[in-house]
Every structure is written in C-alpha cells, then in structure tokens.
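Residue numbers (my numbering), protein chains in the order written: chain A, 16 to 349; chain B, 2 to 316.
This is the structure in structure tokens:
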C-alpha cells in the first residue's frame with residue numbers, strides 16, 4: 016500500500032498513464048489493426064474512404080467512450096455500496112440493481128414490445144432505480160435506519176425475485192429472447208452513443224456528488240452512534256449516497272448490460288493500493304475501473320478475431336488474478 | 002386363453018406363408034453407424050431430418066412420418082404438396098420414439114449428429130440408415146435410393162443434376178468472363194448477431210458450381226457468429242449471398258448492420274452484388290430438391306437463360 020502523499024501522487028500518475036495506454040490500445044487494436052500514425056491522422060484529417068478511419072470513427076470511438084464511462088461508473092458505484100453497507104462483497108450485482116434493470120428490460124421487450132436502444136436504456140435505468148429503492152426500504156430496521164446486513168439480505172432476495180420473473184417471461188416469449196440476449200450478455204460494442212447521451216448529464220452529476228461526499232463517506236465506516244456524536248446526519252448522507260449509487264449503477268447497466276466483477280473487484284484493488292480514504296479511493300476506483308474495462312474489451316476482440324468474447328468473461332479473467340494477488344499481498348503486510 | 006393364443010398363431014402363419022414363399026430381395030446398406038439389412042422396397046419410410054424428407058420426396062416417396070421443419074412449421078412450403086398424409090414426430094432434435102414405433106415403418110433415416118445416441122433404439126424399430134455427412138446431399142440421395150430400392154430413380158436425378166451443373170458453369174463463365182470464378186461469401190442474420198458461413202449445404206453446392214470462397218473463409222468449421230459490427234470487413238467478397246428468416250427482429254438486425262458505414266464499404270455492396278436468397282432452400286432443405294431450387298435462384302440472380310429441364314418434382 017502507498018502511504019505517503021508523494022507516493023500516492025506517483026501511483027495516481029502511473030494509473031493515469033495506464034488508462035491512457037488502454038485508451039489508445041482500445042482505439043488501435045482489433046480485427047482491423049490501425050497504426051498509431053493512422054489514428055492521429057483520422058483525428059486531424061478524416062477520410063471516409065479509408066477502412067481504418069471508418070472503423071475508428073464508426074465503432075472504436077463509441078466503444079472506447081462507453082468502456083471508460085461504464086468502467087468508472089461501476090467501480091465508483093461498487094466502492095460506495097461497499098462503504099454504505101459495510102460489506103466488502105457489495106456490488107451492483109449483489110444489491111439487486113442488475114437484476115432490476117434486467118427485469119425491466121425483459122418486461123419492456125416482451126410485454127410492451129420495446130425494441131430501440133433508446134427505449135431499453137430507460138427501461139433499464141428505471142428498473143435499476145426501482146430495485147435500489149425497494150432494497151433501501153426493505154433494508155430499514157424499525158427506528159434504527161438502514162441496516163447493512165438487512166440491506167444485503169434484501170438485495171439478494173430482490174435479485175432472486177426479479178431474476179425468476181424475468182426468466183418466466185422469457186420462457187413464455189421465447190422468440191423475443193434472442194433479440195435481447197445481446198443486451199443481457201453485456202457488451203460495450205455497438206452501443207449507440209445517441210441512445211445513451213441523455214443519461215450522461217445525470218451520470219456526470221452523480222459523479223461530482225460522489226466526490227463531494229468523500230469526507231462524509233470516510234466517517235460512515237464508524238459506528239452509527241459515533242457518527243451522530245460527530246454531528247453528521249447519517250440518514251441524509253446515506254440517502255444521498257443511495258441516489259448516487261442508483262444513478263451510477265443504473266446508467267452503467269443501461270449502457271452496457273450486465274457486466275460483472277468490475278464493481279466488486281476494482282474498489283478492493285484501489286483500497287489495496289491507496290488505502291481507505293475516499294478522497295483517493297473514489298477517483299482511483301474510477302481510473303482503475305475504466306482501465307480494466309478498456310483492457311478487457313480490447314483483449315476480447317483479439318482472442319479469436321473476427322469473433323469477440325463477451326466482455327464480462329474478460330473482466331473476470333483479468334480481475335481475478337489481480338484481486339487474488341492483492342488479497343494475499345495485503346494480508347502479508349498487515 | 003392359451004388355446005385362443007395358439008389359434009391366433011396358426012391363423013397368422015396361414016396368412017403369412019404365401020408372402021414368405023416369395024423371397025423378397027434383401028438389400029444391405031452400409032452407413033455411418035453400421036450396416037442395415039432391408040427387405041424389399043420399403044414404402045413406409047420415416048425421415049428424421051430435413052434433408053432426408055426432401056430426398057424422399059425427390060425419390061417419389063411420401064414418408065409416413067417426418068420431423069417438423071425449423072421454419073414454416075410444420076413443413077416447408079416447397080414440400081407441402083407432396084407431404085400431406087404424414088405423422089409429425091416432433092423436433093429433429095427430439096423425435097417421438099413411441100410414435101415412430103407405432104407407425105411400424107420399413108425404413109428410418111436419421112442424422113449422425115442428432116440421432117447417434119438413439120440409433121440402437123431406432124434400429125430395433127426398423128432398419129435405420131445414417132448418412133455420414135449431413136451436407137452431402139448427393140451421398141444422401143445415393144444411399145436412400147439404394148435403401149428404398151429406387152436406384153434407377155436416384156441415378157436419373159443425379160445425372161440431371163450433373164447436366165444442370167455443367168450448363169450453369171458454361172453459361173456463367175461466358176457471362177462473367179474474366180471475373181469467373183467469382184469469390185462469394187454466405188451471410189446470415191439473426192435477431193442478435195450475424196453469421197458468416199464457411200461450410201454447410203449452400204457452400205458445398207456453390208463449391209460444386211465453381212464459386213470460390215474468400216481466403217479467410219476457407220476453414221473447416223461451419224462458420225462464425227459475429228456480435229460486433231466492427232467485424233463487418235470480415236464479410237467482404239466479390240458477391241454476397243444473404244439468407245435470413247422473415248421476422249421483424251431479424252429484419253431490424255439486418256437494417257442496423259446494413260446501414261453501418263463499414264457495410265457500405267464492402268466490395269460486394271459497392272458493386273451492388275448483394276443477393277438475398279431463400280433461407281429454406283439455402284440453409285434448411287439440404288436435399289436434392291433444395292439444391293435444384295438453389296440453382297434456379299442462381300440462374301435468376303445472374304440473369305442467365307435457363308434451359309427447360311425435367312428435374313425432380315417441385316424443383
């Protein structure tokens with residue numbers, strides 16, 4: 016773990032460098048390889064007749080942007096959830112948010128015949144929000160506010176409920192199944208930037224709010240009585256953070272479908288490197304999350320071109336060894 | 002009770018004895034999973050995959066039992082007129098064994114990849130033949146002609162096919178000149194992905210006609226599934242044949258992919274050599290009739306004069 020501020024600054028710079036490298040790789044590697052010179056050329060002097068320029072402009076820009084936004088969003092949402100519920104295993108997947116989004120997309124596609132991405136994006140977002148609100152209220156303990164344990168239990172129950180409903184609907188409407196399978200599998204490719212654009216201001220707002228709440232978040236690790244003694248309005252802070260989580264996780268799921276692992280693992284990696292101070296933890300989670308998703312998506316393209324491996328598989332494949340290494344390393348230090 | 006049974010036995014023997022005296026010709030057919038011994042000329046034929054149903058009709062047999070088609074359920078339109086009094090046995094992947102037994106067929110035709118595990122059961126119901134390669138419609142025709150004692154009909158169909166192939170090759174060579182042999186790709190669109198076919202029935206027919214495949218498409222596997230439009234350049238060829246099901250979700254996928262700038266950049270698309278073809282004949286029929294119908298479509302697409310031919314029924 017990096018302890019001194021200069022070391023942390025250096026670490027941050029290194030992470031930013033990795034992010035930059037991952038971004039460039041995401042733009043140049045794939046079934047049609049593009050040279051670095053060609054990439055710069057396509058930015059300064061776009062030629063629609065060139066295959067490489069076409070690939071960069073029509074596909075790789077949008078998937079690179081999507082990877083960065085979704086990776087950062089999932090990572091911060093995961094970090095916030097882990098703090099909020101005091102549960103190191105919390106992530107959008109555990110708290111029912113993915114399942115809620117999935118269920119609403121399935122309902123939209125089967126019962127309301129929604130097909131365009133711009134409609135499904137909103138269905139996913141509303142689903143994520145509904146599940147989160149449901150979990151929030153089910154997680155309340157009479158007279159004592161949000162209980163971390165109850166919240167996790169409620170999340171698991173809500174997940175089971177939504178998943179079983181969604182499966183039931185899909186079994187009844189098998190012909191619809193294929194058309195949303197692609198969305199469900201989770202992918203950052205072929206996502207229409209126009210469809211997700213309306214979500215971006217919301218996403219940006221939530222991101223800023225999360226960073227502003229860093230100090231309060233640091234206190235949430237303490238016992239509720241102690242926090243109150245320090246003059247923090249626990250309920251209000253929790254509610255605000257809950258909102259931020261809903262927006263970040265909801266928009267991420269709406270943009271890229273169900274991508275697991277990033278929300279769970281990246282906060283642990285950031286914590287392992289930079290400690291538990293949220294002023295470092297949140298920005299670094301965002302940077303590492305974006306880097307991980309970019310790298311996963313780039314590798315997913317390169318394994319069996321021109322086919323692609325689902326990006327969720329790659330995030331798990333990349334994330335697990337790093338995670339295990341960190342877990343072992345941290346234990347040795349302490 | 003016992004007396005009643007023995008009485009029945011005697012009556013049965015009495016009725017059967019004349020038939021038993023005229024010794025039926027016995028054919029032995031070697032196939033992918035063994036050898037079948039077939040007596041006489043089987044009329045009660047059960048077909049357990051689409052190519053066998055098509056081939057049976059071409060041989061002039063109306064099967065007594067068939068599996069359902071994949072689209073245009075329960076049977077492809079092009080075969081419907083010739084298959085009317087038939088028992089449907091469920092899906093190709095899970096045929097109803099009890100109903101097959103109930104039909105007491107003389108001959109069963111199955112597919113190796115689908116019915117390998119139930120082959121021993123099928124063979125106890127009736128002699129069963131399993132062709133080696135599901136895409137080799139000519140081997141299937143020869144095998145089924147032999148098994149049903151219709152070798153003359155089978156050879157006639159093959160000769161006519163050969164004549165048509167020769168005629169097509171001559172005409173398309175004249176038409177395309179320098180550009181022959183043409184490099185063609187076979188594509189398909191589904192609700193959630195696109196496919197490039199490297200092998201399969203359509204490719205084997207196109208190979209026989211003399212078309213070539215792009216270098217990257219010359220592989221052993223059936224083909225690949227593409228989920229990202231970034232892979233569109235892999236579809237490139239001088240001409241492109243596309244088949245897809247008539248379904249709104251599939252149409253939407255196709256519209257999305259075909260409006261992509263990379264699609265418009267494909268050689269075949271720029272030269273306007275993109276042909277939409279019938280998914281049933283190109284990908285599902287898999288028999289001699291389907292092959293003939295594919296050839297009909299190709300004559301049309303390349304605007305070649307097609308001589309009168311007396312192919313098989315429904316060709």
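A virtual CB, placed ideally from N, CA and C, is assigned to each residue, including glycine.
Taking CB distances under 8 Å as the criterion, tell me whether residue i reaches chain B.
i, result
"residue 47 of chain A", "yes"
"residue 50 of chain A", "no"
"residue 330 of chain A", "no"
"residue 188 of chain A", "no"
With a cut-off of 8 Å, does the C-beta of residue i fall near any C-beta of chain A?
i, result
"residue 261 of chain B", "yes"
"residue 215 of chain B", "no"
"residue 235 of chain B", "yes"
Given that residue i touches chain A, what residues does it touch there, using C-beta distances under 7 Å?
i, result
"residue 266 of chain B", "66 and 69"
"residue 227 of chain B", "321 and 322"
"residue 253 of chain B", "130"
Please list the partners that residue i has in chain B, where partner means a Cβ-to-Cβ separation under 8 Å.
i, result
"residue 74 of chain A", "229, 230, 231 and 263"
"residue 204 of chain A", "228, 229, 230 and 231"
According to DSSP, is residue i helix, strand or coil?
i, result
"residue 249 of chain A", "helix"
"residue 151 of chain B", "coil"
"residue 78 of chain B", "helix"
"residue 324 of chain A", "coil"
"residue 89 of chain B", "strand"
"residue 28 of chain B", "strand"
"residue 227 of chain B", "strand"
"residue 36 of chain B", "strand"
"residue 238 of chain B", "coil"
"residue 300 of chain B", "helix"
"residue 200 of chain B", "coil"
"residue 96 of chain B", "strand"
"residue 272 of chain B", "coil"
"residue 59 of chain A", "helix"
"residue 277 of chain B", "strand"
"residue 318 of chain A", "coil"
"residue 1 of chain B", "No answer is possible for residue 1 of chain B: the residues shown for chain B start at 2 and end at 316."
"residue 82 of chain A", "helix"
"residue 212 of chain B", "coil"
"residue 16 of chain A", "coil"
"residue 70 of chain B", "coil"
"residue 195 of chain B", "strand"
"residue 48 of chain B", "strand"
Return yes when the C-beta of residue i is under 7 Å from any heavy atom of the ligand FMN, and no when it is not.
i, result
"residue 181 of chain B", "This structure simply doesn't include the ligand FMN, nor any ligand for that matter."
Counting Cβ pairs closer than 8 Å, one from the stretch 40-56 of chain B and one from the stretch 104-111 of chain B, do we hit at least three?
yes
Note down, one range per segment and in chain order, each alpha helix (DSSP H) of at least 4 residues found wholly within the stretch 119-200 of chain A.
132-153, 163-187 and 189-200
Please give me, in chain order, every unbroken run of the alpha helix (DSSP H) with length at least 4 that falls completely inside the stretch 103-191 of chain B.
113-116, 120-126, 138-148 and 152-177
Could you say if the stretch 215-227 of chain A and the stretch 104-115 of chain A meet the contact criterion of at least three C-beta pairs nearer than 8 Å?
Contact annotation: the stretch 215-227 of chain A does not touch the stretch 104-115 of chain A, with fewer than three C-beta pairs closer than 8 Å.
Three or more beta-carbon pairs under 8 Å between the stretch 77-92 of chain B and the stretch 25-45 of chain B, yes or no?
no
Would you check if there are 3 or more beta carbon pairs closer than 8 Å linking the stretch 182-202 of chain B to the stretch 242-257 of chain B?
At 8 Å Cβ cutoff, the stretches touch.
If you pair each beta-carbon of the stretch 260-272 of chain A with each one of the stretch 91-98 of chain A, do three or more pairs fall below 8 Å?
yes
Given 8 Å, three or more beta-carbon pairs between the stretch 230-240 of chain B and the stretch 270-288 of chain B
yes
State whether the stretch 299-306 of chain B contacts the stretch 168-179 of chain B, with contact taken as three or more CB pairs (one from each stretch) at a distance under 8 Å.
yes
Do the stretch 107-120 of chain A and the stretch 175-187 of chain A touch if we need at least three Cβ pairs shorter than 8 Å?
Counting Cβ pairs under 8 Å, three or more are found: they touch.
Mind pulling the alpha helix (DSSP H) runs of 4 or more residues that sit fully within the stretch 19-70 of chain A?
20-43, 51-59 and 66-70
Ignoring anything shorter than 4 residues or poking outside the stretch 260-295 of chain A, list the alpha helix (DSSP H) runs there in chain order.
277-289
Does the structure place the stretch 232-248 of chain A close enough to the stretch 38-57 of chain A that three or more beta carbon pairs sit under 8 Å?
no
Quick check: the stretch 150-159 of chain B against the stretch 204-223 of chain B, are there 3 or more CB pairs under 8 Å?
no
Inter-stretch contact (C-beta, 8 Å, three-pair minimum) for the stretch 293-307 of chain A and the stretch 23-33 of chain A:
Pairwise C-beta distances place the stretch 293-307 of chain A in contact with the stretch 23-33 of chain A, as three or more of them are shorter than 8 Å.
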